[in-house]
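The sequence shown begins at 93 in my numbering and counts up by one.
All C-beta atoms in this analysis are idealised placements derived from N, C-alpha and C, irrespective of residue type, glycine included.
Remarks on the structure that follows.
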Amino acid sequence: VQEGTIISNDVVSHTAASDSSRNTEVSSAIVSSNSSQYTWLGNQLVPPNNVPIFHPKLYKEYFQKRNTLFVGDSLARRAYATIHGIIACNNSDIVEVEELVGK
């Protein structure tokens with residue numbers, strides 16, 4: 093949970109709007125949340141209050157500029173495959189499942 097929080101916190105601090113108080117508020121909301129506060133509604137992840145949903149376009153903008161090493165087990169491989177699919181997709185506003193899982 094902490095590693096994911098750090099990544100999310102980093103995405104917030106580098107890609108959110110320039111308003112630093114909003115960044116601090118979002119970062120605090122992410123850090124203070126825990127996994128039991130996140131729920132699912134169908135196939136949609138529902139975060140706790142004040143925690144934004146990060147869209148593929150933000151991930152694409154963030155990870156295209158960086159060299160990132162994913163270390164771990166099958167969860168790390170899935171995270172890598174998802175980020176790779178988002179970066180390689182044609183339209184980052186609508187990422188098709190086929191683009192994430194390969195054709």
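{"Query": "Helix, strand or coil at serine 192 according to DSSP, with G and I counted as helix", "Result": "It is leucine, not serine, that sits at residue 192 in the sequence shown. Three-state result, leucine 192: helix."}
{"Query": "Rounded separation between serine 166 and arginine 114 - CA only", "Result": "34 Å"}
{"Query": "Whether isoleucine 179 touches lysine 152 by CB criterion (8 Å)", "Result": "yes"}
{"Query": "Start-to-end residues for the alpha helix (DSSP H) that takes in glutamine 156", "Result": "148-156"}
{"Query": "C-alpha gap between alanine 109 and valine 193, whole angstroms", "Result": "With a pLDDT of 44 at alanine 109, under the threshold of 50, the predicted position of this residue should be treated as unreliable, and no value is reported."}
{"Query": "Cross-strand partners of valine 163 (DSSP beta bridge)", "Result": "Its beta-bridge partners do not exist; DSSP assigns none."}
{"Query": "Length of the line joining the Cα atoms of serine 120 and leucine 161", "Result": "26 Å"}
{"Query": "Host beta strand (DSSP E) of valine 138 (start-end)", "Result": "136-138"}
{"Query": "Nearest-angstrom Cα separation, counted from arginine 170 out to cysteine 181", "Result": "16 Å"}
{"Query": "7 Å CB neighbourhood of glutamine 129 in its chain, flanking five on each side removed", "Result": "Pro140"}
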